[in-house]
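Trainee:
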Amino acid sequence: MFTSKRSVAALISAIISLVAPLLTAPSADAAQTLAQVQARVRQLEEEATTAAEGAQEAKVKLASLNGQLQGIQAKAAVQSQSVAALSKSLNAIAVEQFKTGGLSQSLELLFSSDPALYLSAAGSLEAITRKKSVELRKFQAAKQRLTATSLTVSDKLALVKATQKKLAAQSARAIAKLAEAESLLSKLKKEDRERLARLAQEEEDADQASSLAAAKTAGAVSGRAGKALQFALKQIGDKYVFGADGMTYWDCSGLTMRAFQTAGVSLPHSSRAQFNYGKSVKRSNLAPGDLIFFGRPISHVGIYLGGGKMVHAPRSGSRVKVASASNLGRKPFVGARRL
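If you're matching positions, the sequence shown starts at 18 in this note's numbering and goes up one per residue.
1) Report yes or no: do three or more beta-carbon pairs, one from the stretch 189-196 and one from the stretch 93-103, lie closer than 8 Å?
2) Under the rule that 16 or more other beta-carbon atoms within 10 Å means buried, what is Pro331, buried or exposed?
3) Considering Cα atoms alone, identify which of Gly240, Pro314, Arg355 and Lys207 is closest to Leu303.
4) Leaving aside the five residues before and after Gly352 along the sequence, list all residues of the same chain whose C-beta is less than 6 Å from its C-beta, in chain order.
5) By the 10 Å Cβ neighbour count, where 16 or more other Cβ atoms means buried, how is Gln291 classified, buried or exposed?
6) Kindly list the residues whose CB is nearer than 6 Å to the CB of Ser287, restricted to its own chain and excluding five residues on each side of it in sequence; keep chain order.
7) Alpha carbon to alpha carbon, how far is Ile320 from Lys359? Give it in angstroms, no decimals.
8) Kindly indicate which three-state DSSP category Phe311 falls into: helix, strand or coil?
9) What are the boundary residues of the alpha helix (DSSP H) that includes Met327?
10) Val318 bridges to which residues according to DSSP?
11) Indicate the three-state DSSP secondary structure (helix, strand or coil) for Ala159 in the structure shown.
12) With H, G and I counted as helix, E and B as strand and the rest as coil, what does DSSP make of Thr41?
13) Who are Lys256's beta bridge partners in DSSP?
14) Tell me the residue span of the beta strand (DSSP E) that contains Ser297.
15) Give the secondary structure of Ala304 by DSSP, where H, G and I count as helix, E and B as strand, and everything else as coil.
16) Any chance you could list the beta strand (DSSP E) runs of at least 3 consecutive residues sitting entirely within the stretch 176-220, in chain order?
17) With 16 other CB atoms within 10 Å as the buried threshold, where does Ser316 fall?
18) Could you give the DSSP three-state label for Val282: helix, strand or coil?
19) Can you list, in chain order, the residues of its chain with a C-beta nearer than 8 Å to that of Met274? Leave out the 5 residues immediately preceding and following it.
20) Buried or exposed: which applies to Gly312, given that a residue is buried once 16 or more other Cβ atoms fall within 10 Å of its Cβ?
21) Going along the chain, which residues of its own chain have a beta-carbon closer than 8 Å to the beta-carbon of Ile253, five neighbours each way excluded?
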């Protein structure tokens with residue numbers, strides 16, 4: 018009996034020794050879930066950044082379209098005045114003809130309510146002199162130009178509306194992705210949220226320290242590329258914010274735009290639009306100061322530092338830093354441009 022009690026006690030002791038660590042330490046599954054949440058939050062932040070760059074592209078295109086539209090509308094206004102003046106001149110001809118003998122059948126056609134009818138009959142207006150025929154041809158040409166311009170205005174208005182819709186959709190998508198990330202974090206225990214925040218802070222602090230060190234050891238670069246690169250390096254540690262272009266907050270294309278602006282190069286505030294500037298450079302021929310682009314479609318841009326590194330404004334929740342110039346997470350390297 019005694020032996021049996023000792024055996025039972027030993028068995029209970031063994032069970033406790035096995036279970037105790039599970040009760041006092043976080044399980045592997047729990048730790049993995051936290052890591053999964055962290056990875057998902059990072060992914061959502063990157064997707065939000067992609068959407069934000071899409072919104073920037075739409076904003077740049079919209080500004081260009083509005084500029085074109087204003088120019089075309091101004092042209093239409095001038096052409097409309099020209100048509101009105103020519104119409105007035107033809108009215109004067111009609112009055113003069115009436116005073117000297119009334120309107121002929123051909124002139125009645127000319128001033129009928131159907132423009133196509135009197136314009137098609139222009140060649141047979143026996144009562145109008147050569148000078149008057151010239152005026153009529155001018156009127157016809159002016160009407161045609163005005164019609165064509167009016168159609169162009171309509172086309173541009175349609176493009177403006179479509180671009181406005183895209184801008185709103187991309188902006189909403191960026192906001193929704195960040196809201197989803199916040200929702201995921203809000204479902205965690207307070208201590209887990211604090212732990213993730215602390216880990217993110219430590220990661221950003223470490224990146225900033227290494228980035229500042231890389232900036233100090235960067236070689237001197239001459240010309241526009243050097244000026245742009247030095248400007249970007251001075252912004253290390255500044256926070257990423259959608260649509261920001263300085264001087265405290267930046268997004269990726271806002272940083273590159275301002276950096277090259279200091280070097281006398283004008284760029285649009287859009288990574289996709291910036292890809293159309295300068296000349297193409299092979300990855301094997303990259304030089305400090307080259308713009309490097311990522312994502313299909315393009316949604317990120319940085320400035321090559323040399324040694325396989327770049328300076329860039331990565332994403333929401335991060336800061337301007339020096340990082341690897343290889344593929345950027347889910348965004349592959351797609352090309353480089355030299356300005």
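Just so you know, even glycine gets a beta-carbon here, dropped at the ideal spot from N, CA and C.
Mentor: So, from the listed chains and residues:
1) no
2) buried
3) Arg355
4) Phe310
5) buried
6) Gln73, Glu74, Val77 and Ser270
7) Residue 359 is absent from the model: the chain starts at 18 and stops at 356.
8) strand
9) Run containing Met327: none in the alpha helix (DSSP H); it sits in the beta strand (DSSP E), Lys326 to His329.
10) Phe310
11) helix
12) Only weak support exists for where Thr41 lies, its pLDDT of 39 falling under 50; the value from the coordinates is given anyway. Helix, per DSSP.
13) Tyr266 and Arg336
14) Lys296 to Val298
15) coil
16) none
17) buried
18) coil
19) Asp262, Leu284, Pro285, His286 and Gln291
20) buried
21) Gln225, Ser228, Leu229, Ala232, Val328, Arg336, Val337, Lys338 and Val339
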